[in-house]
Amino acid sequence: MKLYLRKSSSRPQSLIFTIEGKESGKHFFFSLLQSQDQGESSSPVVTYLMNCRALPYTTIAPSVHGLVCHGLPSGLIVSNPSTRRSITLPKIDTRSISMYHHLGYDPISGDYKVLCMVKGKHGGWGRHLANELRVLTLGKGNFWRMVEDFPPHCLCTHETPDICINGVLYYVALLDTAVSHAVMSFDVRTEKFHLIEGPDPNVRPKVTRYEGKPALLFAGIADCRLNLWVLEDAAKHEWSKMSYVSTTVACDAHFFHHIFCANDAGEIVMAPESVCSSKPFEVLYYHPRKKTMRSVLVEGFSERKVPFWDKDPCHNIISVFSGQLDNLMFL
Numbered sequence: 002m003k004l005y006l007r008k009s010s011s012r013p014q015s016l017i018f019t020i021e022g023k024e025s026g027k028h029f030f031f032s033l034l035q036s037q038d039q040g041e042s043s044s045p046v047v048t049y050l051m052n053c054r055a056l057p058y059t060t061i062a063p064s065v066h067g068l069v070c071h072g073l074p075s076g077l078i079v080s081n082p083s084t085r086r087s088i089t090l091p092k093i094d095t096r097s098i099s100m101y102h103h104l105g106y107d108p109i110s111g112d113y114k115v116l117c118m119v120k121g122k123h124g125g126w127g128r129h130l131a132n133e134l135r136v137l138t139l140g141k142g143n144f145w146r147m148v149e150d151f152p153p154h155c156l157c158t159h160e161t162p163d164i165c166i167n168g169v170l171y172y173v174a175l176l177d178t179a180v181s182h183a184v185m186s187f188d189v190r191t192e193k194f195h196l197i198e199g200p201d202p203n204v205r206p207k208v209t210r211y212e213g214k215p216a217l218l219f220a221g222i223a224d225c226r227l228n229l230w231v232l233e234d235a236a237k238h239e240w241s242k243m244s245y246v247s248t249t250v251a252c253d254a255h256f257f258h259h260i261f262c263a264n265d266a267g268e269i270v271m272a273p274e275s276v277c278s279s280k281p282f283e284v285l286y287y288h289p290r291k292k293t294m295r296s297v298l299v300e301g302f303s304e305r306k307v308p309f310w311d312k313d314p315c316h317n318i319i320s321v322f323s324g325q326l327d328n329l330m331f332l
């Protein structure tokens, strides 16, 4: 399986969309194969993968080596969009509905692990800190284990995604201090946490991967500026900053296209806030270093007879993540 995943990761990877029906509120996974050809003139379609659980209690999470974790606190689900198969994880015995989850992958052991955070009572600065953290390893008993030692923190918001890079999870966290935002890392293999001081505690950025490194992405509306912080040294809390002024990216496009993530080609991916299944839409790719913009016209959706789908003429794009790969893992 690890050999197959290595081969799969070397192929062109897809964007994975989470799309919500405006009327039904149902959520669906779709994929779009990314073209690295700047001169590409074809009009691809977005391919339906499977249904997924809806917000507000699910965490917006990316595909991790082909698998996605989503669902309600009463029953988290791990899905394989490639096979359209899912498993429901054991229920966590808690009265709290404020539970956040992260899926990680350890490339050394090949293990997938789910980290689940249960928010408790108010801590300092009026923040609900994590009351407990639990870990489950897929395929190895499927039971939750308590994490005994972790820094006082909580997830910034369920709308702030995480990223898993080389066996380490990264997510934006709130602390029990005057500092509002920081980055928490979790080593999937050792199950150890490490707090990384953020470059700017006053903004709520998106976590993404940029040139193989963890990065924070933030677009300022007022000054039309795109800020990208790249983590250079986690132990020393060192970040490099790239800042770009572009009316196309940060201003004009902001009202029609949201900035979602960065892809493996070093491009910032932007997509519309809402789409109609009967109309084409554009996905924009901005390369910060080259200062170039390209547009891919998406012709539409491959399947329009998905249950609940055709009842909604318009749909919201909840999230877009890069790096969706083919995985034949049986769930």
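Quick note: the sequence shown, position 82, residue 83 per the numbering used here, numbers continuous.
Idealized CB from N, CA, C, for every residue including glycine.
Computed from a prediction, not measured in an experiment: that's the story for all the values here.
- Within the same chain, and ignoring the five residues on either side of residue 274 in sequence, the residues whose Cβ sits closer than 6 Å to its Cβ are 259.
- Burial of residue 130 is indicated by the presence of at least 16 other C-beta atoms within 10 angstroms of its C-beta.
- Runs of the beta strand (DSSP E) lying entirely within the stretch 227-288 and spanning at least 3 residues, in chain order: 239-246, 258-263, 269-273, 275-277 and 282-288.
- Beta-bridge partners of residue 73 (DSSP): 76.
- Residue range 100-107 is occupied by the beta strand (DSSP E) that includes residue 103.
- Using a Cβ distance threshold of 9 Å, residue 20 and residue 63 do not count as a contacting pair.
- When only Cα atoms are considered, residue 288 and residue 92 end up about 43 Å apart.
- The three-state reading of DSSP puts residue 214 in strand, counting E and B together.
- Secondary structure of residue 195 (DSSP, three-state): strand.
- By the neighbour-count criterion, in which 16 or more other beta carbons inside 10 Å mark a residue as buried, residue 77 falls on the buried side.
- Cβ contact annotation for residue 45 (same chain, cutoff 8 Å, sequence separation greater than five): 33, 34, 36, 297, 299 and 300, in chain order.
- Closest option to residue 155, judged by alpha-carbon separation, among 175, 168, 139 and 143: 175.
- For residue 84, there is no enclosing beta strand (DSSP E), as DSSP marks it with neither H nor E.
- Nearest neighbour of residue 328 by Cα position, chosen from 83, 48 and 23, turns out to be 83.
- A residue is called buried once 16 or more other Cβ atoms fall within 10 Å of its Cβ, and residue 114 is buried on that count.
- Residue nearest to residue 196 within the set 69, 112 and 184 is 184 (criterion: CA-CA distance).
- Contact annotation, residue 94 with residue 189: C-beta distance approximately 24 Å; criterion of less than 8 Å not satisfied.
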